[in-house]
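Heads up, the thing below is written out as structure tokens.
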Amino acid sequence: MGDYGESINIFSPMFRRLTADEAILSQALYMRLDTRRGFYWDDPEYGLSVDDLLNAGLTSDALVNLSAAIKSECEKDERVSSVTVVPAINPTAGGYEVSPDIRVFPLSGGSFQFVGPVMSFGDGALRKGVQ
79 MGDYGESINI FSPMFRRLTA DEAILSQALY MRLDTRRGFY WDDPEYGLSV DDLLNAGLTS
139 DALVNLSAAI KSECEKDERV SSVTVVPAIN PTAGGYEVSP DIRVFPLSGG SFQFVGPVMS
199 FGDGALRKGV Q
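Numbers in the numbering used here are just positions in the sequence shown, counted from 1, shifted up by 78.
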């Protein structure tokens, strides 16, 4: 067991436990990026609705703002020293996919690549998943 103890695996249908620090921190950051701000009454500044930012319109300015918002939200976690975010847009059949390149530098341990929510646009619809 690492520095962060145990957590549940949010992607497991049986809610299996996690003990690896990188996996625990990755899932905590994923939840931050997938929770609408204000959802938790006891922590109204928790969360970032990436969906809302992307649905507002995808321009070059919006991508810069998205990257800054992701960085800021991830760095709210007390286990994170810093985060770098590089926006990426990839064309797909009938649309495109937004999958930012996120590198997390925790306070302890080495840096790691974080795979956040991937947004796919096509046929006028937004679909979200995990890479």
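Note that beta-carbon positions come from the ideal geometry of N, C-alpha and C, so glycine has one too.
The straight-line gap separating the alpha-carbon atoms of aspartate 81 and aspartate 99 is approximately 7 Å. Of all alpha-carbon atoms in Phe93, Trp119, Thr137, Glu151, the one lying nearest the alpha-carbon of leucine 111 is that of Glu151. Pairing arginine 95 with isoleucine 180, the inter-Cα distance amounts to about 24 Å. Serine 145 is positioned such that its CB atom lies no closer than 8 Å to that of leucine 185.
Pairing lysine 149 with valine 163 gives a Cβ-Cβ distance under 8 Å.
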